[in-house]
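For the protein sequence lines, the chains are B and F, in the order given. Just so you know, we're using this note's numbering here: the first sequence kicks off at 160 and counts up by one. Just so you know, we're using this note's numbering here: the second sequence kicks off at 160 and counts up by one. Positions of the beta carbon are idealized from the N, C-alpha and C atoms, including for glycine.
Protein chains: 2
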Amino acid sequence: MAPSPEAGARPAGPPGVTIRHVAADAGVSTATVSRVMSGRGYASGATRQTVLQAVERLGYRPSASARGLRTARTATLGVLVANLANPVFLPFLRGVEHVAEAHGYAVLIADSRRSRDVERHELDTLYAHRVEALIVGESVENPEHLATLSEAGLRVVRAPDAGGESTAWSAAAIEAPAIVAACTRLADLGHRRVAYVTGPATRPPAPRGSARRDLVVQTLTVRGVAVEPVTMRGTDDPDRVTSAIRELLDTPRPPTALLCAAHPLAPRLLRALADADVALPERVSFLTFGDSPWAAAYRPAIAVIRRDAYTEGRAVAQRVLYDLGAAPEPGSADPPLATFDPRQSMATPPAAAPR
Amino acid sequence: MAPSPEAGARPAGPPGVTIRHVAADAGVSTATVSRVMSGRGYASGATRQTVLQAVERLGYRPSASARGLRTARTATLGVLVANLANPVFLPFLRGVEHVAEAHGYAVLIADSRRSRDVERHELDTLYAHRVEALIVGESVENPEHLATLSEAGLRVVRAPDAGGESTAWSAAAIEAPAIVAACTRLADLGHRRVAYVTGPATRPPAPRGSARRDLVVQTLTVRGVAVEPVTMRGTDDPDRVTSAIRELLDTPRPPTALLCAAHPLAPRLLRALADADVALPERVSFLTFGDSPWAAAYRPAIAVIRRDAYTEGRAVAQRVLYDLGAAPEPGSADPPLATFDPRQSMATPPAAAPR
DNA sequence: CGGGATTATGCAATCGATTACACACATCGT
DNA sequence: ACGATGTGTGTAATCGATTGCATAATCCCG
Numbered sequence: 160m161a162p163s164p165e166a167g168a169r170p171a172g173p174p175g176v177t178i179r180h181v182a183a184d185a186g187v188s189t190a191t192v193s194r195v196m197s198g199r200g201y202a203s204g205a206t207r208q209t210v211l212q213a214v215e216r217l218g219y220r221p222s223a224s225a226r227g228l229r230t231a232r233t234a235t236l237g238v239l240v241a242n243l244a245n246p247v248f249l250p251f252l253r254g255v256e257h258v259a260e261a262h263g264y265a266v267l268i269a270d271s272r273r274s275r276d277v278e279r280h281e282l283d284t285l286y287a288h289r290v291e292a293l294i295v296g297e298s299v300e301n302p303e304h305l306a307t308l309s310e311a312g313l314r315v316v317r318a319p320d321a322g323g324e325s326t327a328w329s330a331a332a333i334e335a336p337a338i339v340a341a342c343t344r345l346a347d348l349g350h351r352r353v354a355y356v357t358g359p360a361t362r363p364p365a366p367r368g369s370a371r372r373d374l375v376v377q378t379l380t381v382r383g384v385a386v387e388p389v390t391m392r393g394t395d396d397p398d399r400v401t402s403a404i405r406e407l408l409d410t411p412r413p414p415t416a417l418l419c420a421a422h423p424l425a426p427r428l429l430r431a432l433a434d435a436d437v438a439l440p441e442r443v444s445f446l447t448f449g450d451s452p453w454a455a456a457y458r459p460a461i462a463v464i465r466r467d468a469y470t471e472g473r474a475v476a477q478r479v480l481y482d483l484g485a486a487p488e489p490g491s492a493d494p495p496l497a498t499f500d501p502r503q504s505m506a507t508p509p510a511a512a513p514r
Numbered sequence: 160m161a162p163s164p165e166a167g168a169r170p171a172g173p174p175g176v177t178i179r180h181v182a183a184d185a186g187v188s189t190a191t192v193s194r195v196m197s198g199r200g201y202a203s204g205a206t207r208q209t210v211l212q213a214v215e216r217l218g219y220r221p222s223a224s225a226r227g228l229r230t231a232r233t234a235t236l237g238v239l240v241a242n243l244a245n246p247v248f249l250p251f252l253r254g255v256e257h258v259a260e261a262h263g264y265a266v267l268i269a270d271s272r273r274s275r276d277v278e279r280h281e282l283d284t285l286y287a288h289r290v291e292a293l294i295v296g297e298s299v300e301n302p303e304h305l306a307t308l309s310e311a312g313l314r315v316v317r318a319p320d321a322g323g324e325s326t327a328w329s330a331a332a333i334e335a336p337a338i339v340a341a342c343t344r345l346a347d348l349g350h351r352r353v354a355y356v357t358g359p360a361t362r363p364p365a366p367r368g369s370a371r372r373d374l375v376v377q378t379l380t381v382r383g384v385a386v387e388p389v390t391m392r393g394t395d396d397p398d399r400v401t402s403a404i405r406e407l408l409d410t411p412r413p414p415t416a417l418l419c420a421a422h423p424l425a426p427r428l429l430r431a432l433a434d435a436d437v438a439l440p441e442r443v444s445f446l447t448f449g450d451s452p453w454a455a456a457y458r459p460a461i462a463v464i465r466r467d468a469y470t471e472g473r474a475v476a477q478r479v480l481y482d483l484g485a486a487p488e489p490g491s492a493d494p495p496l497a498t499f500d501p502r503q504s505m506a507t508p509p510a511a512a513p514r
């Protein structure tokens, strides 16, 4: 595969039409062009027409670099996530992107891959680009560094996943009603032992993860249901998961329900359950966080605590842009961002049936 | 929710440490600081130390805007996709991002949502930011506009999805072996009628979609298998899909296999099949493009033509950065980017059993 | 020890857009 | 008719980093 011939050429690229070209073409000064483009300041109708025609003819687009340099506003948002492999980030990103686009903002993405070093590098890149705000989508590996950048003027906004000061706008708050509904239903069905299955612990712990666990444990315990925390390792190896599942269920008093703490884990658990010939939902009820068309398609049907990451993304972006003065007051018509449909399929546990 | 107090303030943000501050702090000129930072030009060991310490102490990060303005290199890539809701774009994006990060590049994303207007706007934004290269991830709604920008110096790189000149690097070429293997297997099992199910047609047609269909049709036809194209509408309404499936299978000579043309469609079809009580794979074999842990978890097991979008993303980015002179020759150790495992579960069609 | 090469550093122009300021003209009220 | 406003436009400084050129210091070798 041959490289393109001009690879590595220094000055690179065709001329590039600047504001001066437009000014010359329209027979005005650059100041006038700028004023016409931005709509700020005065400009007579005739001049405006002339300029716009020149812009059109030459295909002029102001350079974001120059503009950013001069005005210190880059019209750019950054989104930093801890693990871009997690499917929930796609709708989240999409939400952010759509709102950003609507206000002329660009979106830079960064994936720290849960690595301190990578994250540090990404943060530096984002800061170098002077993003007007940085949305952090999950836990941060380098809080010190982030704090430094924050002092340096970086506006940091934490997504619901990212924890931080507990406000109404936190994962716990958003998901609480759905979690309580789901746990209540489990208890009502007669379950008395529930396994709460998580992936390998992350360091630092993902805030959303902790919030979920705490609320689940509390809600269930209060209702007399024992919660057994299970950490699933080696989730990329189906066989390991399968044997872990077998082990979990082959105990004298096995859990009668499995609560999967994170979306990416769900298909792996389901696969293991199938491989281990565990009947759902008769032998164990299966409940998971997250959402995906696949979860809805899975048969036997499984219960899902849905999360509307797209709307979350929109909401975060809206709020950020409002803070930046780039968007109007975000409409506060908030649909619930997480839901649980009580009719979703879970079974009465075998032992509890005769109660 | 009160806005932050300084919302809308013009100059905005803390001072921001510039190269001049560093120069002053280190007692040298800005030129020297620049040379130390970039490693280009001379700088004595002692000076270098002093400068680096100042940089460290002040937390200086060069402004990408200023640098970009001066050098016309923004160290930024753009990725434009037609529909960010499609899960394959997540691994693809991830691949691009990882390679970009490794070379100090930032990644701007844009989602055209298959709208001409949105896309036009996104393209302008990307161009305004002077991305050094634009990766287009699927079909483009505004070829004229893209051509204009291209003439203006925008380097456009088409992902395998995006079609364009048919090179070794196209969706068709990548997927061909896997598609042929899958089709051959279908034919060998005795299937004689296969439904090829697509979502609503897009305008313009997605190149990958066309390539897939053409190759599937050709491969199957040659082997004496009839291919019945089915366009599935209203895929967001489970009931509509279910009745469409019923209708499709309640014919005198129904297809004995369903080939799902796109990943996002698969769970919807599966759900409909379950709702319609269609036994898999006995009544119809199910085969789909795409990949996701969910597909592997689905039971009864379904056959998948896998696509390694992460590696595709890496490969595209690697090639782009190489063209830009920012990365070394991409290693040409190419693992297959699409695979089909012939042992995957498909059944012999009922009618053909006694053959 | 002289002089060309090499190393080290500073000065100042430059990239493209924005905007404070100055100026010119038009309008209007009294 | 005069100044107060309100419009329309241009001049030039400015943002932060890079880099060509000039200058200065050092070195090497005969």
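{"Asked": "On the criterion of 16 or more Cβ atoms from any shown chain inside 10 Å, does glycine 322 of chain F qualify as buried, or is it exposed?", "Found": "buried"}
{"Asked": "Where valine 376 of chain B and threonine 447 of chain B are concerned, what is the direct C-alpha to C-alpha distance, given to the nearest angstrom?", "Found": "15 angstroms"}
{"Asked": "Can you say whether serine 444 of chain F is buried or exposed, counting buried as having 16 or more other CB atoms within 10 angstroms of its CB?", "Found": "buried"}
{"Asked": "Do you know how far the Cα of histidine 180 of chain B is from the Cα of proline 359 of chain F?", "Found": "45 angstroms"}
{"Asked": "To which residues of the same chain is phenylalanine 499 of chain B closer than 6 angstroms at the C-beta, ignoring the five residues directly before and after it?", "Found": "Ala337, Ala340, Ala341, Ile464"}
{"Asked": "Short check: CB of histidine 288 of chain B to CB of leucine 480 of chain B, under 9 angstroms?", "Found": "no"}
{"Asked": "Taking 8 angstroms as the threshold, find out whether the region 342-354 of chain F comes into contact with the region 392-404 of chain F through three or more Cβ pairs.", "Found": "no"}
{"Asked": "Between the Cα of arginine 352 of chain B and those of B:Pro509, B:Ser193, B:Thr191, B:Ile178, spot the shortest distance and give me the residue it belongs to.", "Found": "B:Pro509"}
{"Asked": "In this structure, does DSSP put glycine 172 of chain B in helix, strand or coil?", "Found": "Note that glycine 172 of chain B scores 45 on pLDDT, short of 50, meaning its location in the model is unreliable and no value can be drawn from it."}
{"Asked": "Excluding five sequence neighbours on each side, which residues of the same chain lie with their C-beta closer than 6 angstroms to the C-beta of isoleucine 333 of chain B?", "Found": "Pro319, Leu496, Ala497"}
{"Asked": "So, do the region 275-285 of chain F and the region 298-308 of chain F have three or more beta carbon pairs nearer to each other than 8 angstroms?", "Found": "yes"}
{"Asked": "Counting Cβ pairs closer than 8 angstroms, one from the region 385-392 of chain B and one from the region 209-229 of chain B, do we hit at least three?", "Found": "no"}
{"Asked": "To be precise: take each residue of the region 264-277 of chain B, compare its Cβ to all Cβ atoms of chain F, and keep it if any distance is under 9 angstroms. Which residues remain?", "Found": "Tyr264, Ala265, Val266, Leu267, Ile268, Ala269, Asp270, Arg272, Val277"}
{"Asked": "Is tryptophan 453 of chain F buried or exposed, if buried means 16 or more other CB atoms sit within 10 Å of its CB?", "Found": "buried"}
{"Asked": "At 7 angstroms on the CB atoms, spell out the chain B contacts of glutamate 303 of chain F, in chain order.", "Found": "Residues of chain B passing the Cβ test: none, with the nearest at roughly 12 angstroms."}
{"Asked": "If the criterion is Cβ atoms closer than 9 angstroms, does the pair arginine 272 of chain F and asparagine 242 of chain F meet it?", "Found": "yes"}
{"Asked": "Under 8 angstroms by Cβ, that's how I've got phenylalanine 248 of chain B and glycine 175 of chain B pegged, so tell me the actual separation to the nearest angstrom.", "Found": "With a Cβ gap of about 35 angstroms, phenylalanine 248 of chain B and glycine 175 of chain B do not count as contacting."}
{"Asked": "Using a C-beta cutoff of 9 angstroms, does alanine 157 of chain F count as contacting chain B?", "Found": "The shown model of chain F, from 160 to 514, leaves out residue 157 of chain F, and the question about it has no answer."}
{"Asked": "Contact check, alanine 485 of chain F vs arginine 430 of chain B under 8 angstroms by CB: the rounded distance?", "Found": "The Cβ separation is near 40 angstroms, so there is no contact."}
{"Asked": "Would you please verify whether the beta carbon of alanine 425 of chain B is less than 9 angstroms from any beta carbon of chain F?", "Found": "yes"}
{"Asked": "Between leucine 285 of chain F and valine 255 of chain F, is the Cβ-Cβ spacing less than 9 angstroms?", "Found": "no"}
{"Asked": "Under 8 angstroms: do the region 188-197 of chain B and the region 189-209 of chain F share three or more Cβ pairs, one atom per stretch?", "Found": "no"}
{"Asked": "For valine 389 of chain F and proline 411 of chain F, what's the separation of their Cα atoms in angstroms?", "Found": "17 angstroms"}
{"Asked": "Exposed or buried, which one is alanine 512 of chain B when buried takes at least 16 other CB atoms within 10 Å?", "Found": "With a pLDDT of only 46 at alanine 512 of chain B, under 50, the local geometry of the prediction cannot be trusted, and the value read off the model is given with reservation. Per the 10 Å Cβ criterion, exposed."}
{"Asked": "Using the rule of at least 16 other Cβ atoms within 10 Å of the residue's Cβ for burial, across every protein chain shown, is glycine 227 of chain F buried or exposed?", "Found": "buried"}
{"Asked": "What residue from F:Thr361, F:Val356, F:Val381, F:Pro363 has the CA that sits closest to alanine 372 of chain F's CA?", "Found": "For clarity, residue 372 of chain F is arginine in the given sequence; the question names alanine instead. When only C-alpha atoms are compared, the closest one is F:Val356."}
{"Asked": "So which residues of chain B does aspartate 283 of chain F contact, with C-beta pairs closer than 7 angstroms?", "Found": "Arg220"}
{"Asked": "Starting from arginine 382 of chain B, trace the alpha helix (DSSP H) both ways and give me its first and last residue.", "Found": "Here arginine 382 of chain B belongs to no alpha helix (DSSP H), and DSSP marks it neither H nor E."}
{"Asked": "When the cut-off is 9 angstroms and only beta carbons count, does alanine 435 of chain B lie next to chain F?", "Found": "no"}
{"Asked": "Would leucine 267 of chain F and valine 240 of chain F be called neighbours here (beta carbons separated by less than 9 angstroms)?", "Found": "no"}
{"Asked": "Applying a beta-carbon distance threshold of less than 8 angstroms, which residues of chain B neighbour glycine 358 of chain F?", "Found": "Those within 8 angstroms of glycine 358 of chain F in chain B number zero; the least Cβ separation is about 12 angstroms."}
{"Asked": "Kindly indicate if chain F contains any beta-carbon less than 9 angstroms away from that of serine 197 of chain B.", "Found": "no"}
{"Asked": "CB of tyrosine 264 of chain B to nearest heavy atom of the ligand FAD: below 8 angstroms?", "Found": "No copy of the ligand FAD appears in this structure; indeed no ligand is present at all."}
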